[in-house]
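Everything below concerns the one structure shown next.
Protein chains: 2
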Amino acid sequence: MAGTDKERIMIAEGPAIVLVEPQMGENIGMVARAMANFGLSELRLVNPRDGWPSTKARATASGAAHVIDCARVFATLEEAIGDLKLVLATTAREREMFKPVYGPREAAGKLREAFAAGISCGVLFGRERWGLKNEEVALAQAIITFPVNPGFASLNLAQAALLLSYEWMSAEAGDRPTFSAPMPEPASNRDLVGLMEHLESALDATNYFHPPEKREKMVLNLRNILAKANLGEPEVRTLRGVIASLERRWLRESKA
Amino acid sequence: MAGTDKERIMIAEGPAIVLVEPQMGENIGMVARAMANFGLSELRLVNPRDGWPSTKARATASGAAHVIDCARVFATLEEAIGDLKLVLATTAREREMFKPVYGPREAAGKLREAFAAGISCGVLFGRERWGLKNEEVALAQAIITFPVNPGFASLNLAQAALLLSYEWMSAEAGDRPTFSAPMPEPASNRDLVGLMEHLESALDATNYFHPPEKREKMVLNLRNILAKANLGEPEVRTLRGVIASLERRWLRESKA
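Those sequence lines, one after another, are chains A and B.
Position 179, counted from 1, in the first sequence is what the numbering used here calls 179; the numbers after and before it change by one each time, with no gaps.
Position 256, counted from 1, in the second sequence is what the numbering used here calls 1256; the numbers after and before it change by one each time, with no gaps.
The following block contains the structure:
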């Protein structure tokens, strides 16, 4: 489902998100939305409590219809992940299993690496109330857990899926914003000095530099303020207009 | 509000989250919850549409009462951020302003740096429907935008606050999981070779290595499988028990 222009391309790839016995349709929908936000599309449901399809899921998916429409339902976890070659299990609790534990960023890196190598992969999320069973975690190659406030660790299903999906996209795109600052053409040093001198001459005319022996230091201060402001060429023009306008007022008033 | 033990310490510090004219109490509550999950606590509300306090906000905050209770309400944005020295504005749209644009990770780094230096800081989030006005963004030192799927960019208020809060915590803690894998005491090479030899002698007894000229290569294969499995000392013991058990069955059957 590609958009109408290059910048609106719909990204829909990556690891399967596997929800094990999700309880509320609303949460399934919010997971689908989070997945779509960050370019994931393959949703697998193991034995959803309230059945499937779900109108509540569709409502909270908020337009991520491509994820909801393609979601597949399985009777058991074993069937749901039968074709996957790298399976990571999310859990908030320590499991006393001799198995690697990744944060979401490291996990996303592992998933990107596998995905790039053509290795089918997936991430397991457990029931809203009590997560994954130990025998479900035992089927995974590694564990993902989220760094949360130890005193308030109530991350819900949709939030956990959002963070994993976000890290999946960040692992590819980095922290690059979707748009960059429209930075102005930087001012040349000649432009900058022109501004400084314009300001100084205007201030000379109003006797700003008083007493005269302080002029040198005051000029340095002003020049430092202007130099460190990283002014663009149009911004220098704007400021020269400002000074000229103030000068005109002063000239008008001095004529009156 | 520290917990009962060291591991449950409640983290509650960091930049203020400033919601400008939030419309739904539910969303304010979900923002409070996301903040608490990642150690933020100072919530400021500019002119919330449905008034304050809000029972809906308290319900969706899901236990983040310390954030809701301490939230402060302001009539204008200028009052809400009057004391702040570094203000970042979140926006999904390009604004044609000559101002730095950060992704959430870079923004979190800037906020951590300022916070560590004792500089009061805050992050602005706009209305659910249409975000911040240009004149509101103009009060901020820089812009934060989130890297999303260009074809599906419907990040909501609570999701955006969650990602920013998550990056705030990650900027301090890194990607370190809240618990680490309980890795077993690694097996010594002597233990490993003991396992290999035990397996090989058991297989010799069952004529597994057939034909004999292939024995050397088959042994190498098995030894590589065991060597790369990173076995721990207790795992080696487990596997030796497995082999011994299989041997006993064979011995029993060969006696019968």
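Glycine is no exception: its CB is placed at the ideal position from the N, C-alpha and C atoms.
Next on the checklist: I'd like the ranges of any alpha helix (DSSP H) spanning at least 4 consecutive residues and lying wholly in the segment 19 to 70 of chain A.
Outcome noted: 25 to 37, 55 to 61 and 65 to 70
Item to check | Inter-residue Cα distance where the pair is ALA1158 (chain B) and ASN1027 (chain B) | outcome: 6 Å
Next on the checklist: So, with DSSP's three-state summary, where would you put GLU1094 (chain B)?
Outcome noted: coil
Checklist entry - Quick one: what's GLY1122 (chain B) bridged to in DSSP? => result B:ALA1016 and B:VAL1087
Item to check | Where SER1180 (chain B) falls, given that 16 or more other Cβ within 10 Å makes a residue buried | outcome: exposed
Next on the checklist: Measuring CB atoms only, is the segment 118 to 137 of chain A touching the segment 183 to 200 of chain A, in the sense that at least three cross pairs come out at less than 8 Å?
Outcome noted: no
Checklist entry - DSSP on GLY232 (chain A), reduced to helix/strand/coil? => result strand
Item to check | the segment 1062 to 1072 of chain B in contact with the segment 1094 to 1110 of chain B per 3-pair CB rule at 8 Å | outcome: no
Checklist entry - Cβ of ARG248 (chain A) less than 8 Å from any chain B Cβ? => result no
Next on the checklist: I'd like to know if VAL148 (chain A) contacts chain B, where contact means its C-beta is closer than 8 Å to some C-beta of that chain.
Outcome noted: yes
Checklist entry - According to DSSP, is GLU253 (chain A) helix, strand or coil? => result For GLU253 (chain A), the secondary structure class from DSSP, reduced to helix, strand or coil, is helix.
Item to check | Beta-carbon proximity of TRP168 (chain A) to LEU111 (chain A), cut-off 8 Å | outcome: yes
Item to check | When A:PRO147, A:ASN221, A:ALA64 and A:ALA205 are compared against PHE92 (chain A), the one with the closest alpha-carbon | outcome: According to the sequence shown, residue 92 (chain A) is Ala rather than Phe. Comparing Cα-Cα distances from ALA92 (chain A) to each of A:PRO147, A:ASN221, A:ALA64 and A:ALA205, the minimum goes to A:PRO147.
Checklist entry - In terms of residue numbering, what span does the alpha helix (DSSP H) encompassing PHE1152 (chain B) cover? => result Here PHE1152 (chain B) belongs to no alpha helix (DSSP H), and DSSP marks it neither H nor E.
Next on the checklist: By DSSP's criteria, GLY131 (chain A) is part of a beta bridge. Which residues make up the other side?
Outcome noted: A:ARG127
Checklist entry - Looking at the structure shown, is PRO1177 (chain B) part of a helix, part of a strand, or coil, going by DSSP? => result coil
Item to check | PHE74 (chain A) - partner residues in DSSP beta bridges | outcome: According to DSSP, PHE74 (chain A) bridges with A:VAL46.
Checklist entry - So which residues of chain B does LEU163 (chain A) contact, with C-beta pairs closer than 7 Å? => result Those are TYR1166, listed as they occur along chain B.
Next on the checklist: Taking CB distances under 8 Å as the criterion, tell me whether LYS56 (chain A) reaches chain B.
Outcome noted: no
Checklist entry - Of the residues that make up the segment 1023 to 1039 of chain B, which ones have a beta carbon closer than 8 Å to any beta carbon in chain C? => result No chain C appears in this structure, whose protein chains are A and B.
Checklist entry - Do GLU235 (chain A) and ASP1175 (chain B) have their C-beta atoms closer together than 8 Å? => result no
Item to check | Distance between beta carbons of ILE1011 (chain B) and VAL1123 (chain B), contact taken as under 8 Å | outcome: At roughly 17 Å, the Cβ-Cβ gap does not stay under 8 Å, so VAL1123 (chain B) and ILE1011 (chain B) are not in contact.
Checklist entry - What are the complete alpha helix (DSSP H) segments, minimum 4 residues, inside the segment 1155 to 1229 of chain B? => result 1157 to 1173, 1189 to 1205 and 1215 to 1228
Checklist entry - Is the beta carbon of GLU1185 (chain B) less than 8 Å from the beta carbon of GLU1113 (chain B)? => result no
Checklist entry - According to DSSP, is ILE1009 (chain B) helix, strand or coil? => result coil
Next on the checklist: Can you check which of these residues, A:ASN224, A:ALA32 and A:GLU13, is closest to ALA264 (chain A) by C-alpha distance?
Outcome noted: Nothing in the structure corresponds to residue 264 (chain A), since chain A is present only between 1 and 256.
Checklist entry - Residues of chain B with CB under 7 Å from ILE119 (chain A), in chain order? => result Per Cβ cutoff of 7 Å: no residues; ILE119 (chain A) is ~17 Å from chain B at best.
Item to check | Selection from A:ARG44, A:ALA59 and A:GLY109 that minimises the alpha carbon distance to GLU78 (chain A) | outcome: A:ARG44
Checklist entry - Between ALA1259 (chain B) and VAL1087 (chain B), which are expected to be in contact by the criterion C-beta below 8 Å, what is the C-beta distance as a whole number of angstroms? => result Outside the modelled stretch of chain B, which goes from 1001 to 1256, sits residue 1259 (chain B), for which no answer is possible.
Checklist entry - Going along chain B in order, which residues have a C-beta closer than 7 Å to the C-beta of PRO48 (chain A)? => result Within 7 Å Cβ-Cβ: nothing; PRO48 (chain A) doesn't reach chain B, min ~23 Å.
Checklist entry - Secondary structure at ILE1243 (chain B), three-state DSSP: helix, strand or coil? => result helix
Next on the checklist: According to DSSP, simplified to helix, strand and coil, what is ALA117 (chain A)?
Outcome noted: coil
Next on the checklist: Taking CB distances under 8 Å as the criterion, tell me whether SER99 (chain A) reaches chain B.
Outcome noted: One detail in the question is off: residue 99 (chain A) reads as Lys in this sequence, not Ser. Chain B contact via Cβ: present.
Next on the checklist: Let me see if you follow: with CB-CB separation under 8 Å, is GLN141 (chain A) close to chain B or not?
Outcome noted: no
Checklist entry - Which residues in chain A sit within 7 Å of SER1062 (chain B), going by Cβ to Cβ distance? => result Think of a sphere of 7 Å around the beta carbon of SER1062 (chain B): the chain A residues whose beta carbon falls inside it are SER154, in chain order.
Item to check | ALA138 (chain A) in three-state terms, based on DSSP | outcome: It is coil, neither helix nor strand.
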